[in-house]
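In the working numbering, the protein residues as written are 9 to 64.
Laid out in structure tokens, this is it:
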């Protein structure tokens with residue numbers, strides 16, 4: 009049987025998509041007075057830093 013593998017980029021997209029959820033986005037906009045744009049940027053930056061720490 010042939011072995012199927014995913015690339016690092018594909019695997020990263022899977023984990024990034026699993027990490028960013030609608031509940032986090034809504035919680036960020038409700039509890040932080042940053043507004044949607046800045047709250048979204050903070051959430052994405054936090055996920056990027058966390059993902060890099062888990063990847064290393």
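Just so you know, even glycine gets a beta-carbon here, dropped at the ideal spot from N, CA and C.
By the Cβ neighbour-count rule, residue 47 is buried, with 16 or more other Cβ atoms within 10 Å of its own. In the DSSP assignment, residue 18 falls within the alpha helix (DSSP H) that extends over 16 to 27.
For residue 46, the uninterrupted alpha helix (DSSP H) run begins and ends at 43 to 63, by DSSP. Nearest to residue 34 by alpha-carbon distance, out of 21, 20 and 49, is 49. In this structure, the beta-carbon distance from residue 24 to residue 55 falls below 9 Å.
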